[in-house]
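Inspection log for the structure reproduced underneath, given as structure tokens.
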Amino acid sequence: MSSSTRLDRAYKNAITIPFDEDSKFIFFSDCHRGDNSFADDFANNRNIYFHALNHYYREGFTYIELGDGDELWENIGFESIFEAHKNVYQLLRRFHLEKRLHMLWGNHDMVYRDPNYVDEHLSHYFEPIDGSDKELFEDITYHEALVLKHSDTGQEIFCVHGHQADWWNYVCWRIGRFLVRVLWKPLQVVGIADPTSPAKNYKELIRIEKRIKRWILKKDLLVTLAGHTHRPRFPEPGQIPFFNDGSCVHPRSITGIEIEKGLISLIKWHIDTKPDGTLQIVRVLLEGPEKLQDYIDH
Numbered sequence: 001m002s003s004s005t006r007l008d009r010a011y012k013n014a015i016t017i018p019f020d021e022d023s024k025f026i027f028f029s030d031c032h033r034g035d036n037s038f039a040d041d042f043a044n045n046r047n048i049y050f051h052a053l054n055h056y057y058r059e060g061f062t063y064i065e066l067g068d069g070d071e072l073w074e075n076i077g078f079e080s081i082f083e084a085h086k087n088v089y090q091l092l093r094r095f096h097l098e099k100r101l102h103m104l105w106g107n108h109d110m111v112y113r114d115p116n117y118v119d120e121h122l123s124h125y126f127e128p129i130d131g132s133d134k135e136l137f138e139d140i141t142y143h144e145a146l147v148l149k150h151s152d153t154g155q156e157i158f159c160v161h162g163h164q165a166d167w168w169n170y171v172c173w174r175i176g177r178f179l180v181r182v183l184w185k186p187l188q189v190v191g192i193a194d195p196t197s198p199a200k201n202y203k204e205l206i207r208i209e210k211r212i213k214r215w216i217l218k219k220d221l222l223v224t225l226a227g228h229t230h231r232p233r234f235p236e237p238g239q240i241p242f243f244n245d246g247s248c249v250h251p252r253s254i255t256g257i258e259i260e261k262g263l264i265s266l267i268k269w270h271i272d273t274k275p276d277g278t279l280q281i282v283r284v285l286l287e288g289p290e291k292l293q294d295y296i297d298h
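In the UniProt record's numbering, the protein residues as written are 1 to 298.
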């Protein structure tokens, strides 16, 4: 099966979410939340991420995670990840209870495509303080893709992780998971990177982006948001509308994409120093805002 066929299938089976000029979305991906061990790349940015998540919750945004939220290649199960980042999941639960949470699966959390696995591991958790089971993401469904469809213009925005254009990480993900658990996780201690990751293999990253762009051209310039490669991409109107929200495991920063009032922006959250020497977490606009309507092909 070709990458184009895999993307076609994801688009065909995607759930549709209506939106309008008042809608507000934040897209993050590739958080790779781990168990807070030496191999947990998310741990360095967890305070930045939690602060940003609080901001979007207070401001009424809908949170969309474009895959690889949980690092289930290095870690055998969700439980150790939950314990390491409990505050994050409890905040995500508040989004879920208000129907402002949409989760996609990527190659590192591909087990979430099985509804039974999700129900068993994510619907509840054990609270050792009072020895009881508590609800977490009750009745949540992970999807391969989703389509945002504008209520007035009919414009569609296709949201997907992006590993559909990466044969190894889509078809052979179980082999990749095995290699990471057995080989690369221990080698991270001495700084050896996993060569199967497109984020660390520039040539493969470019090939994946080209495959997605070719598919977008075939789909009459369908606006597409993805993750997977960890490389933020923000095209100008008139260019091929391929957006990438980057990742939450950049050195000392996280990147994401916002949609608000019909505008799309690429943003970064990072730690900055005030003149008096104290630290603060700040949001920086990297690209945009651009009108979504300007990406409609006429």
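Glycine included, every Cβ here is placed at the ideal spot set by N, Cα and C.
Task: Local Cβ density within 10 Å of residue 298, reported as buried at 16 or more and exposed below that - done: What you label residue 298 is simply residue 298 of the sequence shown in a count that begins at 1. Confidence in residue 298 is poor, its pLDDT being 45 and thus under 50, which makes the residue's placement unreliable; the coordinate value appears in the next sentence. Exposed, because fewer than 16 other Cβ atoms sit within 10 Å of the Cβ of residue 298.
TODO: Can you check the segment 68-119 for any alpha helix (DSSP H) of at least 4 residues that lies completely inside it and give the ranges in chain order?
DONE: For the segment 68-119, whole alpha helix (DSSP H) runs of length 4 or above, ordered along the chain, are 78-84 and 86-97.
TODO: Determine, using beta carbons only, whether residue 157 and residue 103 come nearer to each other than 8 Å.
DONE: In the sequence shown, residue 157 corresponds to position 157, counting from 1. In the sequence shown, residue 103 corresponds to position 103, counting from 1. Their beta carbons are not under 8 Å apart, which means residue 157 does not touch residue 103 by this criterion.
Task: residue 27 to residue 14 span [Cα, whole Å] - done: Counting from 1 along the sequence shown, the entry for residue 27 is found at position 27. Counting from 1 along the sequence shown, the entry for residue 14 is found at position 14. The straight-line gap from Cα to Cα measures roughly 17 Å.
Open item on the list: Looking only at its chain, what residues have a beta carbon closer than 8 Å to the beta carbon of residue 272, apart from the 5 residues adjacent to it on each side?
Closed with: Counted from its first residue, the sequence shown places residue 272 at position 272. If we look at residue 272 and ignore the five residues flanking it on each side, its Cβ neighbours are 279, 280, 281 and 282.
Open item on the list: Cutting at 8 Å between CB atoms, please list the residues of its own chain near residue 221, excluding the five before and the five after it.
Closed with: Here residue 221 is taken as the residue at index 221 of the sequence shown, counted from 1. Correct list, in chain order: 240, 241, 295 and 297.
Open item on the list: So if DSSP puts residue 244 in a beta bridge, which residue, or which two residues, is it bridged to?
Closed with: In the sequence shown, residue 244 corresponds to position 244, counting from 1. For residue 244, which the question treats as bridged, DSSP gives the partners 226 and 233.
- [ ] Kindly examine the ligand MN and report whether one of its heavy atoms sits closer than 7 Å to the Cβ of residue 27.
- [x] The ligand MN is not among the ligands present in this structure, which contains no ligands whatsoever.
TODO: Output the distance between the C-alpha atoms of residue 236 and residue 136, rounded to the nearest integer angstrom.
DONE: To locate residue 236, count along the sequence shown from 1; it is residue 236. To locate residue 136, count along the sequence shown from 1; it is residue 136. Distance between the alpha carbons of residue 236 and residue 136 is about 39 Å.
TODO: Give me whichever residues DSSP pairs with residue 7 in a beta bridge.
DONE: Against the sequence shown, residue 7 aligns to sequence position 7. Paired residue(s): none; residue 7 is not in a bridge.
Task: Own chain, CB closer than 8 Å to residue 263, minus 5 neighbours either side, in chain order - done: Here residue 263 is taken as the residue at index 263 of the sequence shown, counted from 1. Here the set comprises 288, 289, 290, 291 and 292.
Open item on the list: Can you tell me where the beta strand (DSSP E) holding residue 124 begins and where it ends?
Closed with: Along the sequence shown, one-based indexing puts residue 124 at 124. Where residue 124 is concerned, the enclosing beta strand (DSSP E) stretches over 124-127.
TODO: Go ahead and label residue 110 buried or exposed: buried means 16 or more other beta carbons lie within 10 angstroms of its beta carbon, across all protein chains shown.
DONE: Position 110 of the sequence shown, counted from the start, is the residue given in the question as residue 110. Residue 110 should be labelled buried.
Open item on the list: Tell me the DSSP secondary structure of residue 42 in three-state form.
Closed with: Within the sequence shown, residue 42 is the residue found at index 42, counting from 1. Helix, per DSSP.
- [ ] Return the CA-CA distance between residue 42 and residue 250, expressed in angstroms with no decimal places.
- [x] As a working note, residue 42 is residue 42 in the sequence shown. As a working note, residue 250 is residue 250 in the sequence shown. Distance from the CA atom of residue 42 to the CA atom of residue 250, rounded to whole angstroms, is 9 Å.
Open item on the list: Just to confirm before moving on: does the CB-CB distance between residue 160 and residue 39 stay below 8 Å?
Closed with: Locating residue 160 in the sequence shown gives position 160, where the first residue counts as 1. Locating residue 39 in the sequence shown gives position 39, where the first residue counts as 1. Between residue 160 and residue 39, the C-beta gap is not smaller than 8 Å, which leaves the two residues out of contact.
Task: Neighbourhood of residue 96 by C-beta, 7 Å cutoff - its chain only, sequence neighbours within 5 removed - done: Looking up residue 96 in the sequence shown gives position 96. If we look at residue 96 and ignore the five residues flanking it on each side, its Cβ neighbours are 137 and 140.
Open item on the list: According to DSSP, is residue 249 part of a helix, a strand, or is it coil?
Closed with: Locating residue 249 in the sequence shown gives position 249, where the first residue counts as 1. Reduced to three states, the DSSP call for residue 249 is coil.
Open item on the list: Please list the terminal residues of the continuous beta strand (DSSP E) segment that includes residue 19.
Closed with: Numbered from 1 along the sequence shown, position 19 holds the residue referred to as residue 19. That run of the beta strand (DSSP E) goes 15-19.
Open item on the list: Taking a contact to mean a Cβ-Cβ separation below 8 Å, would you say residue 176 touches residue 73 in this structure?
Closed with: Working through the sequence shown from its first residue, we reach residue 176 at position 176. Working through the sequence shown from its first residue, we reach residue 73 at position 73. Going by C-beta atoms, residue 176 is nearer than 8 Å to residue 73.
- [ ] In angstroms with no decimal places, state the Cα-to-Cα distance between residue 81 and residue 162.
- [x] Within the sequence shown, residue 81 is the residue found at index 81, counting from 1. Within the sequence shown, residue 162 is the residue found at index 162, counting from 1. About 23 Å.
- [ ] Ignore the nearest five residues each way along the sequence and tell me which others in residue 126's own chain have a CB closer than 7 Å to its CB.
- [x] Numbered from 1 along the sequence shown, position 126 holds the residue referred to as residue 126. Closer than 7 Å at Cβ, skipping near neighbours: 133.
- [ ] Since I believe residue 252 is in contact with residue 270 (beta carbons under 8 Å), could you give me their beta-carbon distance rounded to a whole number of angstroms?
- [x] In the sequence shown, counting from the first residue as 1, residue 270 sits at position 270. In the sequence shown, counting from the first residue as 1, residue 252 sits at position 252. Indeed, because the Cβ distance is near 6 Å, the residues count as touching under 8 Å.
TODO: Can you say whether residue 76 is buried or exposed, counting buried as having 16 or more other CB atoms within 10 angstroms of its CB?
DONE: Locating residue 76 in the sequence shown gives position 76, counting from the first residue. It is exposed - the Cβ of residue 76 has fewer than 16 other Cβ atoms within 10 Å.
Open item on the list: Taking DSSP's pairing of strands, which residues face residue 135 in a bridge?
Closed with: For the purposes of this step, residue 135 is identified with residue 135 of the sequence shown, where counting begins at 1. Per DSSP, 124.
Open item on the list: In the DSSP output, what is residue 290 paired with across the bridge?
Closed with: As a position in the sequence shown, residue 290 is number 290, starting the count at 1. In DSSP, residue 290 forms a bridge with 264.
TODO: Give the DSSP bridge partners of residue 159, in chain order.
DONE: Position 159 of the sequence shown, counting from 1, holds the residue named residue 159. Beta-bridge pairing links residue 159 to 146 and 225.
Open item on the list: Three or more C-beta pairs under 8 Å: does that hold for the segment 54-71 against the segment 17-36?
Closed with: yes
Task: residue 24 (DSSP reduced to helix, strand or coil) - done: For this step, residue 24 is matched to residue 24 along the sequence shown. Note: residue 24 maps to strand in three-state DSSP.
- [ ] Could you pull the start and end residues of the beta strand (DSSP E) that residue 295 belongs to?
- [x] As a working note, residue 295 is residue 295 in the sequence shown. Per DSSP, residue 295 belongs to no beta strand (DSSP E) and is neither H nor E.
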